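These protein sequences, in sequence, are chains A and B. First residue of the first sequence? That's 4 in the working numbering, and the numbers climb one at a time after it. First residue of the second sequence? That's 7 in the working numbering, and the numbers climb one at a time after it. Even glycine gets a Cβ: it sits at the ideal position worked out from N, Cα and C. Values in this document were obtained by computation on a predicted structure and should not be read as measured data. Right, one structure below, let's go through it.
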Amino acid sequence: MSFGLEAVGLVRSFGGLRAVDGVSFQLQRGQLLTVFGPNGAGKTTLLRMLGGVMRPTSGHVRVAGAPADVVSREWRHRVGIVSHQSLLYSQLTIAENLLFYGRLFGLTDLKTRIPERLASMGLSDRERTPVRELSRGLKQRVALARALLHDPEVVLLDEPYTGLDPHASAVLREQLASLKDGRRTVVLVTHNLKQGLELSDLVAVQVQGRFTSVTDSLSLNLAGLEALYHAAVENPA
Amino acid sequence: MRAYLALVWAVARKDLMVEFRTRERLTAMGAFAVLVGLLFNFSMDTAVVRPQDIAGALIWMTIIFGGLLGMGRTFRLEEEDGALTGILQSPIPLDALYLGKVLGNFVLLSVMTVLVFLVFGLFFDLRFSGSSVTLVAVVALGVLGFVSLTTLFSAMATRSSMGESLLPVLVFPLLVPVVVYGTTATDRLFAGRPVVEVGGNLRMLAAFAIMFTVAGAWLFRFVIEE
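Laid out in structure tokens, this is it:
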């Protein structure tokens with residue numbers, strides 16, 4: 004059986020420190036995995052490796068059963084990243100940012116693609132607004148539009164709710180829920196147990212670089228997840 | 007090849023668009039050029055020293071020190087809200103990213119260089135009787151060598167905890183050939199010497215510009231990749 008996204012023994016070392024230590028998981032196409040963990044657990048490092056920003060020390064990734072070189076250009080065409088940072092240029096307008104990133108991805112239909120993406124994020128009337136004038140919530144929606152511009156099949160979300168007020172969080176949550184369209188495989192990293200559990204199909208707890216558990220979210224309620232999380236953090240071995 | 011050049015241009019275009027909108031680097035470099043010209047003007051006794059004779063050295067020192075002010079901030083834009091991660095996650099080849107940065111810096115430093123020549127021409131009443139085309143070639147090759155080197159080391163300084171303060175320490179020793187050949191050629195051209203006398207300097211400047219650019223494009227990935 005082939006999986007939408009499969010990580011096998013991913014390791015990333017910085018000198019003697021193993022920030023990610025043998026992480027493995029399997030996701031069906033269309034599934035969403037939420038990774039929880041304390042600060043410094045290696046969650047962001049894991050996402051940066053999956054996103055092709057950082058080369059794994061060892062281990063590999065497979066997509067639809069085929070090995071994927073995560074630092075190759077081909078892989079980067081298939082992945083989109085949303086971070087707690089917007090990854091946008093504040094001096095440029097929304098449209099200019101999307102145009103720039105679209106060119107980096109070699110997209111040729113940007114005149115139609117950008118308005119479509121902005122419309123799907125409810126930003127049609129703001130395309131000429133400089134990013135520096137946007138609220139944190141709107142910036143995250145632009146960041147999501149940027150990450151989805153090249154229509155990636157794998158989407159990586161690194162603490163996307165950071166700094167958002169409850170309303171902006173709710174709006175972003177709706178946008179993220181729309182990613183579960185059966186086409187995209189999503190990995191979400193968050194500290195917020197409730198928000199993470201709401202969207203996920205699978206949940207993992209990462210402590211000291213390792214996944215201590217990968218659990219079907221249907222078998223968990225919030226109290227169960229809290230118990231699982233605290234047990235993993237307090238007794239990582 | 008066309009797609010590759012389009013990527014290089016996309017990076018340079020974005021940098022120039024931001025710079026001409028904010029004018030952060032141009033203002034710093036331009037103000038430095040004017041102030042240095044002014045200070046040299048007051049500090050030099052023209053009864054003893056003919057400005058014409060040392061114009062090359064003064065101009066190149068101003069270009070290099072002023073240029074460092076701007077070049078050191080090459081990756082500042084990318085640091086602001088994690089944009090470098092966005093670029094590194096995109097499929098752009100890292101050498102194209104480097105060359106785009108070099109192209110953007112080349113345009114900015116060329117603008118500053120024109121200002122330096124205007125300032126020094128005005129303050130020191132410099133008369134130029136040599137070959138203008140050759141002077142443009144000397145300056146363009148010197149500036150290209152300078153920006154190729156500083157763009158690479160600026161990326162390195164960005165990744166370092168010492169930041170921009172590291173840049174001069176790394177760059178100055180390697181800039182010696184550009185300073186020597188650029189200054190000599192400029193002095194000779196200002197002295198009205200024949201073009202053939204700067205042929206060797208031009209070839210050396212071209213060699214260093216090409217070497218720095220090619221080496222920079224190759225080494226950039228080791229500097230910028232995590």
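- Cβ-Cβ distances below 8 Å link D24 (chain A) to V14, G45, Q211, G212, R213 in the same chain, with the five nearest sequence neighbours on each side left out; the list follows chain order.
- Where Q58 (chain B) is concerned, the enclosing alpha helix (DSSP H) starts and stops at 57 to 77.
- For R139 (chain A), no Cβ of chain B is located within less than 8 Å of the residue's own Cβ.
- By alpha-carbon distance to A171 (chain A), the top candidate from A:Q88, A:R144, A:V74, A:S75 is A:R144.
- Under the DSSP assignment, V23 (chain A) falls in the beta strand (DSSP E) whose first and last residues are 20 to 30.
- For secondary structure counted as the alpha helix (DSSP H) over 4 or more consecutive residues, the region 164 to 209 of chain A holds these complete runs in sequence order: 169 to 180, 196 to 202.
- The C-beta separation of V153 (chain B) from T119 (chain B) comes to about 11 Å, leaving the pair out of contact by the 8 Å criterion.
- In the three-state reduction of the DSSP assignment, L90 (chain A) falls in the coil class.
- Assignment of P174 (chain B) by DSSP, reduced to helix, strand and coil, places it in the helix class.
- Boundaries of the beta strand (DSSP E) harbouring T215 (chain A): 213 to 219, taken from the DSSP string.
- P163 (chain A) is classed as buried because its beta carbon has at least 16 other beta carbons within 10 Å across all chains shown.
- Here DSSP, grouped into helix, strand and coil, assigns G62 (chain A) to strand.
- In the structure shown, the three-state DSSP call for R27 (chain B) is helix.
- In this structure the region 40 to 54 of chain B does not touch the region 173 to 181 of chain B; the number of beta carbon pairs closer than 8 Å is below three.
- Using a CB distance cut-off of 8 Å, R187 (chain A) does not count as an interface residue toward chain B.
- The CB of Q94 (chain A) comes closer than 7 Å to the CB of V24, R27, T28 in chain B, given here in chain order.
- Using a Cβ-Cβ cut-off of 8 Å, K107 (chain B) does not count as an interface residue toward chain A, since no Cβ of chain A sits closer than that to its own.
- Per the coordinates, the alpha-carbon of G136 (chain B) lies some 17 Å from the alpha-carbon of R56 (chain B).
- Interface flag for I230 (chain B) against chain A is unset, since no Cβ pair is found closer than 8 Å.
- V74, S75, R76, E77, W78, R79, H80, V82, G83, I84, S86, H87, Q88, S89: these are the residues of the region 67 to 89 of chain A whose beta carbon lies less than 9 Å from some beta carbon of chain B, given in chain order.
- Within 10 angstroms of the beta-carbon of L221 (chain A) lie fewer than 16 other beta-carbons, which makes it exposed.
- Judged by DSSP in its simplified three-state form, E9 (chain A) adopts strand.
- Spatial neighbours of V14 (chain B) in its own chain (CB-CB distance under 8 Å, excluding positions within 5 residues in sequence) are listed in chain order as A102, L105, G106, L109.
- With the rule of 3 Cβ pairs closer than 8 Å, the region 206 to 217 of chain B does not count as touching the region 80 to 91 of chain B.
- Under the Cβ distance rule, T91 (chain B) counts among the residues neighbouring chain A, one pair being separated by less than 8 Å.
- The straight-line gap separating the alpha-carbon atoms of I97 (chain A) and S138 (chain A) is approximately 13 Å.
- Residues of the region 77 to 101 of chain B that bring their beta carbon within less than 8 Å of a beta carbon in chain A comprise L83, E86, D87, G88, A89, T91, G92, I93, L94, Q95, S96, P97, I98, P99, in sequence order.
- Cα atoms of I70 (chain B) and F112 (chain B): separation of roughly 13 Å, rounded to the nearest angstrom.
- Rounded to the nearest whole angstrom, the CA to CA distance from V17 (chain B) to P97 (chain B) is 13 Å.
- Considering only A:A10, A:E136, A:G140, A:E77, the residue with the shortest C-alpha distance to L36 (chain A) is A:A10.
- Checking the DSSP bridge columns, you'll see V158 (chain A) partnered with A:G83, A:V189.
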